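Participant:
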Amino acid sequence: MIIAQFLTYLQHEKRYSPHTIQSYKTDLLQFSEYMQQTFELPLTEVGYVHVRNFMVTLLEEHVSENSVGRKLSTLRSFYKHLSREGLIPVNPMTLVKAPKVPKRLPVFVDDQKLDVLLDSGEFFDDTFPSVRDKLVIETLFGTGMRLAELLSLKESDIDFYGATVRVLGKRNKERIIPIGKVLGDQLKAYIDLKTLQNFNNKTGVLIVTDKGAPAYTKLIYRIVTSYLTNVSTQDKKSPHVLRHSYATSLLNRGADLNAIKELLGHASLAATQVYTHNSVERLKSIYKQAHPKA
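Going by full-length UniProt numbering, the letters in the sequence shown line up with residues 1 to 294, in that order.
(1) Any idea what DSSP makes of T164, helix, strand or coil?
(2) On the DSSP letters alone, give me the boundaries of the beta strand (DSSP E) that I176 sits inside.
(3) Following the continuous alpha helix (DSSP H) through R85, name the residue where it begins and the one where it ends.
(4) What does the alpha-carbon distance come out to for the pair A215 and F199?
(5) Spatial neighbours of Y227 within its chain, please: CB distance less than 7 angstroms, with the 5 preceding and 5 following residues excluded, ordered by chain position.
(6) How big is the Cα-Cα spacing for V90 and Y34?
(7) Let's see if you can read the secondary structure: which residues bound the alpha helix (DSSP H) around A98?
(8) For K154, verify whether its CB is less than 7 angstroms away from any heavy atom of the ligand SAH.
(9) On the three-pair Cβ rule with 8 angstroms, is the segment 109-116 touching the segment 230-247?
(10) Tell me the DSSP secondary structure of D159 in three-state form.
(11) Short of 6 angstroms in beta carbon distance, which residues of its chain neighbour E40, apart from the five on each side in sequence? Order them along the chain.
(12) Apply the 10 Å Cβ neighbour rule to R84 and answer buried if 16 or more other Cβ atoms are within range, or exposed otherwise.
(13) Run the CB neighbour count on I176, radius 10 Å, all protein chains shown included, and call it buried at 16 or more, exposed below.
(14) Use the C-beta contact count for H12: other C-beta atoms within 10 angstroms, 16 or more gives buried, fewer gives exposed.
(15) Report buried or exposed for S120, applying the criterion of at least 16 other Cβ atoms within 10 angstroms of its Cβ.
(16) What does the alpha-carbon distance come out to for the pair E174 and T217?
(17) Compare the C-alpha of S238 against each of T44, S67, R222 and Q30 and name the closest.
(18) Tell me whether K71 is buried or exposed, calling it buried when 16 or more other Cβ atoms sit within 10 Å of its Cβ.
(19) Quick one: what's E154 bridged to in DSSP?
(20) Helix, strand or coil: which one does DSSP assign to P214?
(21) Use the C-beta contact count for S245: other C-beta atoms within 10 angstroms, 16 or more gives buried, fewer gives exposed.
(22) Which of helix, strand or coil does DSSP assign to F141?
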């Protein structure tokens, strides 16, 4: 099946993460099902008009412009690969334009709210699940790493002497992230407590479930969402929000944009510059509150 062959290509040659590959798979299966049910066409016989109909149908079903754009991006990669392999005569994505997406600022949680959550002593206890949950939030906010990077992080990736963690990012690109003393101490305490649980954890993965198995995506989402609910009323409460919070906090405290880019593992500065908008909005808010002519 050409979808399976394409996913294998993404895994072994492009070295995409399992999470990204799953997203591609979901999009392609949805598109394939639509083509079969609506036009009775195999993917190799799809044309521009069929893709356009698919896009219009999604928008009519109130799928967001962001989601539609992502699905079209998946199809572009897919058909570019088929064209390169000589499996289709014409690339149907050549003339397809994605819908305009309104610019949205990254959602983040204020430092003060995270301080209340992590330092008040109100929300966590000394049990293993609670210590683990707190470490998950501390690590995401204290390093800005992605969810997939956290899930793959191993105890051996932590350099306590150098106060750094080694992270394997997108496309197997490695980077070193410094950690503060508080996070370093919590990592030590968590690992000691995990050792006392006598888990049979042969993988060496840092974050594990209550029974010692490697943590998974839904568990981390559940941890982050449940605890952020205690201090934030905003709708979006995901691991990526803590990554945004990390970057925004650094920028608000004068960190160099290029340094933030390296810490986040962004391929280009353009991806990092979105955080400057949050910083400008914060300055505007301060101005309006403090200046007599505002």
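Where is the CB? At the ideal position from N, CA and C, for every residue including glycine.
As the structure is a computational prediction, the values presented were derived from the model and not from experiment.
Facilitator: Well, looking at it:
(1) strand
(2) E174 to P178
(3) One detail in the question is off: residue 85 reads as Glu in this sequence, not Arg. Run containing E85: none; DSSP gives neither H nor E here.
(4) 13 angstroms
(5) L117, F123, D133 and I137
(6) 20 angstroms
(7) Where A98 is concerned, there is no enclosing alpha helix (DSSP H), given that its DSSP letter is neither H nor E.
(8) By its list of ligands, the structure shown contains no ligand whatsoever, and the ligand SAH lies outside what it can speak to.
(9) yes
(10) strand
(11) none
(12) exposed
(13) exposed
(14) exposed
(15) exposed
(16) 21 angstroms
(17) R222
(18) buried
(19) Residue identity check: residue 154 is Lys in the sequence provided, not Glu. Answer is V205, bridged to K154.
(20) strand
(21) buried
(22) helix
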